[in-house]
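2 protein chains.
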Amino acid sequence: MSFIKRQSPGRIIALGFAMVILVGSLLLMLPCSIQDGVTVRYVDALYTSTSAVCVTGLIAIDAGTTFTPLGQFFLALLIQIGGLGVTAMGAGIMLAMGRKVNLKGRNIIREAMNLNSGRGLVSFVKDIFITTLVIELAGAVLSFTVFAGDYPPLKAAGISLFHSVAAFNNSGFDILGDFQNLIPYQSSVMLNLVTCGLIITGGIGFLVIRELLKERFRWRRLSMHTKVVLAVSGALIAAGTLLLKLTEDVTWLGAFFQSVSARTAGFSTYPLGKFTTPGLLVLIVLMFIGASPGSTGGGIKTSTFFVLLQGIKSAATNKTEKAFHYSVPRAAFKKAAVITLLAVSVVMTGTYFMTVMEPAVSLRDALFEVTSAFGTVGLSTGITPGLGTGSKLLSILIMYIGRIGPLTVASLWYFNRKERISYPEGNISIG
Amino acid sequence: MSFIKRQSPGRIIALGFAMVILVGSLLLMLPCSIQDGVTVRYVDALYTSTSAVCVTGLIAIDAGTTFTPLGQFFLALLIQIGGLGVTAMGAGIMLAMGRKVNLKGRNIIREAMNLNSGRGLVSFVKDIFITTLVIELAGAVLSFTVFAGDYPPLKAAGISLFHSVAAFNNSGFDILGDFQNLIPYQSSVMLNLVTCGLIITGGIGFLVIRELLKERFRWRRLSMHTKVVLAVSGALIAAGTLLLKLTEDVTWLGAFFQSVSARTAGFSTYPLGKFTTPGLLVLIVLMFIGASPGSTGGGIKTSTFFVLLQGIKSAATNKTEKAFHYSVPRAAFKKAAVITLLAVSVVMTGTYFMTVMEPAVSLRDALFEVTSAFGTVGLSTGITPGLGTGSKLLSILIMYIGRIGPLTVASLWYFNRKERISYPEGNISIG
Ligand SMILES: [K+]
Ligand SMILES: [K+]
Numbered sequence: 114m115s116f117i118k119r120q121s122p123g124r125i126i127a128l129g130f131a132m133v134i135l136v137g138s139l140l141l142m143l144p145c146s147i148q149d150g151v152t153v154r155y156v157d158a159l160y161t162s163t164s165a166v167c168v169t170g171l172i173a174i175d176a177g178t179t180f181t182p183l184g185q186f187f188l189a190l191l192i193q194i195g196g197l198g199v200t201a202m203g204a205g206i207m208l209a210m211g212r213k214v215n216l217k218g219r220n221i222i223r224e225a226m227n228l229n230s231g232r233g234l235v236s237f238v239k240d241i242f243i244t245t246l247v248i249e250l251a252g253a254v255l256s257f258t259v260f261a262g263d264y265p266p267l268k269a270a271g272i273s274l275f276h277s278v279a280a281f282n283n284s285g286f287d288i289l290g291d292f293q294n295l296i297p298y299q300s301s302v303m304l305n306l307v308t309c310g311l312i313i314t315g316g317i318g319f320l321v322i323r324e325l326l327k328e329r330f331r332w333r334r335l336s337m338h339t340k341v342v343l344a345v346s347g348a349l350i351a352a353g354t355l356l357l358k359l360t361e362d363v364t365w366l367g368a369f370f371q372s373v374s375a376r377t378a379g380f381s382t383y384p385l386g387k388f389t390t391p392g393l394l395v396l397i398v399l400m401f402i403g404a405s406p407g408s409t410g411g412g413i414k415t416s417t418f419f420v421l422l423q424g425i426k427s428a429a430t431n432k433t434e435k436a437f438h439y440s441v442p443r444a445a446f447k448k449a450a451v452i453t454l455l456a457v458s459v460v461m462t463g464t465y466f467m468t469v470m471e472p473a474v475s476l477r478d479a480l481f482e483v484t485s486a487f488g489t490v491g492l493s494t495g496i497t498p499g500l501g502t503g504s505k506l507l508s509i510l511i512m513y514i515g516r517i518g519p520l521t522v523a524s525l526w527y528f529n530r531k532e533r534i535s536y537p538e539g540n541i542s543i544g
Numbered sequence: 114m115s116f117i118k119r120q121s122p123g124r125i126i127a128l129g130f131a132m133v134i135l136v137g138s139l140l141l142m143l144p145c146s147i148q149d150g151v152t153v154r155y156v157d158a159l160y161t162s163t164s165a166v167c168v169t170g171l172i173a174i175d176a177g178t179t180f181t182p183l184g185q186f187f188l189a190l191l192i193q194i195g196g197l198g199v200t201a202m203g204a205g206i207m208l209a210m211g212r213k214v215n216l217k218g219r220n221i222i223r224e225a226m227n228l229n230s231g232r233g234l235v236s237f238v239k240d241i242f243i244t245t246l247v248i249e250l251a252g253a254v255l256s257f258t259v260f261a262g263d264y265p266p267l268k269a270a271g272i273s274l275f276h277s278v279a280a281f282n283n284s285g286f287d288i289l290g291d292f293q294n295l296i297p298y299q300s301s302v303m304l305n306l307v308t309c310g311l312i313i314t315g316g317i318g319f320l321v322i323r324e325l326l327k328e329r330f331r332w333r334r335l336s337m338h339t340k341v342v343l344a345v346s347g348a349l350i351a352a353g354t355l356l357l358k359l360t361e362d363v364t365w366l367g368a369f370f371q372s373v374s375a376r377t378a379g380f381s382t383y384p385l386g387k388f389t390t391p392g393l394l395v396l397i398v399l400m401f402i403g404a405s406p407g408s409t410g411g412g413i414k415t416s417t418f419f420v421l422l423q424g425i426k427s428a429a430t431n432k433t434e435k436a437f438h439y440s441v442p443r444a445a446f447k448k449a450a451v452i453t454l455l456a457v458s459v460v461m462t463g464t465y466f467m468t469v470m471e472p473a474v475s476l477r478d479a480l481f482e483v484t485s486a487f488g489t490v491g492l493s494t495g496i497t498p499g500l501g502t503g504s505k506l507l508s509i510l511i512m513y514i515g516r517i518g519p520l521t522v523a524s525l526w527y528f529n530r531k532e533r534i535s536y537p538e539g540n541i542s543i544g
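Heads up: the protein sequence lines correspond to chains A and B, in order.
Quick note on this note's numbering: the first sequence kicks off at 114 and runs consecutively.
Quick note on this note's numbering: the second sequence kicks off at 114 and runs consecutively.
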């Protein structure tokens with residue numbers, strides 16, 4: 114334990130995720146998790162566990178036809194742990210056990226949640242658990258009204274619960290079987306809207322949800338961070354819907370759903386293998402930007418994207434960076450730029466190795482797959498099940514880096530106790 | 114004239130390039146420029162003129178079989194004007210006419226050449242002309258020893274001169290005919306090395322050439338800028354050679370040549386259409402980084418790339434940016450990041466529109482073509498002649514933005530006389 118105590122928060126978080134992934138892969142390999150007559154290779158179990166814990170949703174083996182209800186329960190559990198984050202889970206368990214969280218523990222939670230101060234941490238963690246529970250139950254009830262039409266009640270209840278957990282945590286998994294994802298519910302307005310609602314609430318982050326509830330949705334009272342997250346999320350959803358509708362043969366509902374889902378939920382109501390190249394490029398950009406900080410989603414994050422835009426504008430106009438009557442913290446641009454450059458490097462390097470290992474896969478499909486893994490999105494043009502072991506291990510690594518964050522990964526090596534990475538406290542949270 | 118005098122240096126440079134491109138397109142449309150029985154559409158003449166003035170070398174119509182010797186002379190002239198830069202040409206003409214360059218003129222030259230101060234401008238411009246002339250003549254003589262073996266003396270002399278001008282200016286044009294580029298000379302060690310020598314000297318920039326000559330190649334005496342340019346150029350050439358040799362069916366000489374040529378010369382001794390996807394990805398990255406500031410090359414530039422790496426390292430280690438016993442200027446990272454982000458945006462947007470207009474072109478080929486246009490490289494997987502008018506106009510725009518620089522283009526709109534874009538003078542030159 115003393116070895117662990119000496120490590121940086123970043124290292125403990127990274128280690129925690131790795132441990133959960135490993136335990137998860139073993140749980141999914143248990144005979145009672147796997148349906149009779151199905152064999153699962155360890156690399157596929159590891160892939161599925163990583164995909165679940167990193168709330169990615171890339172699927173090498175179909176969850177509906179491979180796993181037993183117990184296996185699917187393990188999967189939902191891994192998604193929930195991954196979505197809440199290993200840290201929040203740990204903190205929650207300690208709180209539930211009545212133990213106090215010490216300063217070191219508070220620092221880890223602060224780092225994992227992108228919080229600027231350590232005040233009110235305990236109540237914050239409590240809020241997270243309650244919010245998650247309430248929203249997921251509501252989502253499950255609403256989904257049940259749709260699934261009950263197609264499945265017997267008990268099965269429909271299971272599917273609804275799994276779906277609600279998967280959607281709120283932006284995980285993109287489904288248990289409908291045969292890699293169908295939500296394509297059978299392409300035109301169900303109810304399921305489309307419920308799913309989008311869960312994805313969006315999960316994707317804007319707990320900080321924003323809490324502030325919205327506290328300030329009762331009054332725009333003027335909101336902090337800069339919340340305004341930025343809401344404005345950028347809205348703009349990206351609208352732009353994505355419009356661009357997808359222009360080039361793809363989908364309904365407006367379908368375009369809206371895919372635009373919402375690409376920023377990091379990863380569900381699909383249309384087979385993406387049939388999308389045009391420009392349509393896939395739009396999805397790639399949305400996947401790369403991703404959700405908001407402190408949420409269950411991945412990518413470089415909406416606030417990072419916003420700070421980049423402001424930095425470019427300020428360089429072109431030679432004016433200081435201002436937005437919503439706040440000025441953008443000076444150090445924010447550098448952090449945002451470094452995160453983005455690292456993200457581009459990870460995606461490019463990953464794509465390079467995938468095209469080396471899979472000569473039959475086109476640049477388009479490889480770039481899409483790797484961006485999806487990095488952004489913990491889970492969309493695919495359909496190449497995942499056919500990938501070789503090397504490419505699957507590569508995807509596992511990229512999902513992991515995407516969930517931990519490339520800057521955290523880069524700083525794992527460099528950490529020493531005297532020089533801790535710390536940026537001036539800003540009123541915007543990045544990456 | 115008073116309207117022009119009120120404009121920013123950036124606007125005058127942008128306007129100058131546009132004017133030369135337009136005049137060039139008209140010269141190439143003259144009946145005496147075009148061979149008998151060949152018809153040239155205006156969009157192709159405009160494309161060729163842009164490609165020449167922006168020293169890109171993307172070829173929609175074959176220069177060897179389309180243009181007469183006079184047309185080829187016009188082409189070489191456009192390349193030379195583009196290579197020296199419109200500004201240096203203007204300054205040179207004024208000097209030759211015995212007129213003095215006023216403060217406004219000096220500012221424009223300073224901006225165009227990426228110089229930190231306006232001192233010694235006149236002698237600098239003179240040096241540029243003399244260096245260019247000497248190196249190009251030497252290159253032509255050496256090339257002649259190769260071409261004389263295959264062509265009658267007069268024709269060989271013409272080809273040698275054209276080739277030397279094209280190589281030193283990193284333009285990538287050839288007049289061997291039938292889109293062959295330098296493939297017939299794949300195994301001519303002499304021509305490979307002479308061409309690489311011309312490309313590298315042209316690509317490191319006049320500042321570096323002058324300093325190397327002045328300090329007689331003593332490493333310790335060199336400025337930070339020169340050390341950075343030499344180190345990064347060397348590292349990129351070596352890494353590119355190695356990576357290309359690993360995945361492509363080429364000789365070491367071929368891998369070396371393509372690695373040098375990708376950073377922004379644009380000659381090829383192998384048909385790139387047969388390269389593998391990972392090989393093309395390596396070329397795309399090299400094309401994107403490009404040559405060094407104040408040179409005839411394009412891309413985000415070697416020094417920009419270096420500053421990015423230093424910034425990432427400093428963010429991961431929380432140490433200040435140092436290199437070669439100098440510290441990197443503080444404002445450098447922001448400028449480098451903004452240039453890179455704008456470059457990524459231009460390339461992504463260009464690729465998007467090209468895939469919209471050319472459904473038959475793969476993402477790989479479109480990304481390659483657009484990066485090549487942006488980095489004013491001129492390599493192509495072979496799709497250029499088959500592109501529609503819309504895609505050609507798009508390429509023209511991207512070549513132009515690539516040559517002027519995306520940050521200059523972005524600031525064209527915002528300029529007013531009171532707020533001039535200026536960064537603290539650093540000892541490294543970016544973009
Ligand atoms: K996901
Ligand atoms: K070129």
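Glycine included, C-beta positions come from ideal geometry on N, C-alpha and C.
This one's a predicted model, so the numbers in the text were calculated from it and none came from an experiment.
Residue i - partner residues in DSSP beta bridges
{"i": "A/Phe180", "result": "A/Ile147"}
Proximal chain A residues relative to residue i, where beta-carbon distance stays under 8 angstroms
{"i": "B/Thr464", "result": "Leu394"}
Neighbourhood of residue i by C-beta, 8 angstroms cutoff - its chain only, sequence neighbours within 5 removed
{"i": "A/Thr314", "result": "Ile248, Phe281, Ile322"}
{"i": "A/Lys531", "result": "In this prediction, A/Lys531 has a pLDDT of 41, which is less than 50 and means its spatial position is unreliable; nothing more can be read from the coordinates."}
Contact set between residue i and chain B, taken where Cβ atoms lie within less than 8 angstroms
{"i": "A/Lys448", "result": "Ala428"}
{"i": "A/Thr360", "result": "Val469"}
{"i": "A/Pro406", "result": "Those do not exist, as A/Pro406 stays about 17 angstroms from chain B at its closest Cβ, beyond 8 angstroms."}
{"i": "A/Met461", "result": "Leu394, Val398"}
Partner residues on chain B for residue i, Cβ-Cβ distance less than 9 angstroms
{"i": "A/Gly424", "result": "Lys447, Ala450, Val451, Leu454"}
{"i": "A/Met400", "result": "None at all; the shortest Cβ gap to chain B is about 13 angstroms."}
Beta-carbon proximity list for residue i, same chain, < 6 angstroms, skipping 5 on both sides
{"i": "A/Arg154", "result": "none"}
{"i": "A/Ser273", "result": "Ala253, Ser256, Phe257, Phe260"}
{"i": "A/Leu320", "result": "Gly407"}
{"i": "B/Tyr383", "result": "Val363, Gly367"}
{"i": "A/Phe419", "result": "Val341, Val345"}
{"i": "B/Ser284", "result": "Val168, Gly170, Ile192"}
{"i": "B/Phe466", "result": "Leu507"}
Within chain B, the residues that residue i reaches when beta carbons sit closer than 7 angstroms
{"i": "A/Ser504", "result": "What A/Ser504 touches in chain B: nothing, since even the nearest Cβ is about 13 angstroms away."}
{"i": "A/Phe375", "result": "Per the sequence shown, residue 375 of chain A should be read as Ala rather than Phe. Chain B residues near A/Ala375: none, gap ~15 angstroms exceeds 7 angstroms."}
Residues that residue i contacts on chain A, provided the C-beta gap is smaller than 9 angstroms
{"i": "B/Ser475", "result": "Thr390, Ser475, Leu476, Arg477"}
7 angstroms CB neighbourhood of residue i in its chain, flanking five on each side removed
{"i": "A/Asp157", "result": "Ala173, Ile174"}
{"i": "A/Asn294", "result": "Asp287, Phe380, Ser381"}
{"i": "B/Ser535", "result": "With a pLDDT of 37 at B/Ser535, under the threshold of 50, the modelled position of that residue is not reliable, and no figure is offered here."}
{"i": "B/Gly264", "result": "The question names Gly, yet the displayed sequence has Tyr at residue 264 of chain B. Cβ within range, chain order: Ile272."}
{"i": "B/Arg477", "result": "Thr390, Leu393"}
{"i": "B/Phe370", "result": "Asn305, Cys309, Thr382"}
Under 8 angstroms from the C-beta of residue i: neighbouring residues of chain E
{"i": "A/Ser416", "result": "Absent from the structure: chain E. Protein chains present are A and B."}
Is there contact between the segment 176-195 of chain B and the segment 140-157 of chain B, where contact requires at least three CB pairs shorter than 8 angstroms?
-> yes
For the segment 397-405 of chain B against the segment 500-507 of chain A, are there 3 or more C-beta pairs whose distance is under 8 angstroms?
-> no
Validate contact between the segment 266-282 of chain B and the segment 239-256 of chain B using beta carbons, cut 8 angstroms, 3 pairs | yes
Closer than 6 angstroms from C-beta to any heavy atom of ligand 1: which residues, in chain order?
-> A/Val168, A/Thr169, A/Gly170, A/Asn283, A/Ser284, A/Gly285, A/Thr377, A/Ala378, A/Gly379, A/Thr489, A/Val490, A/Gly491
Are the segment 335-353 of chain B and the segment 378-387 of chain B in contact at 8 angstroms, needing three or more beta carbon pairs?
-> no
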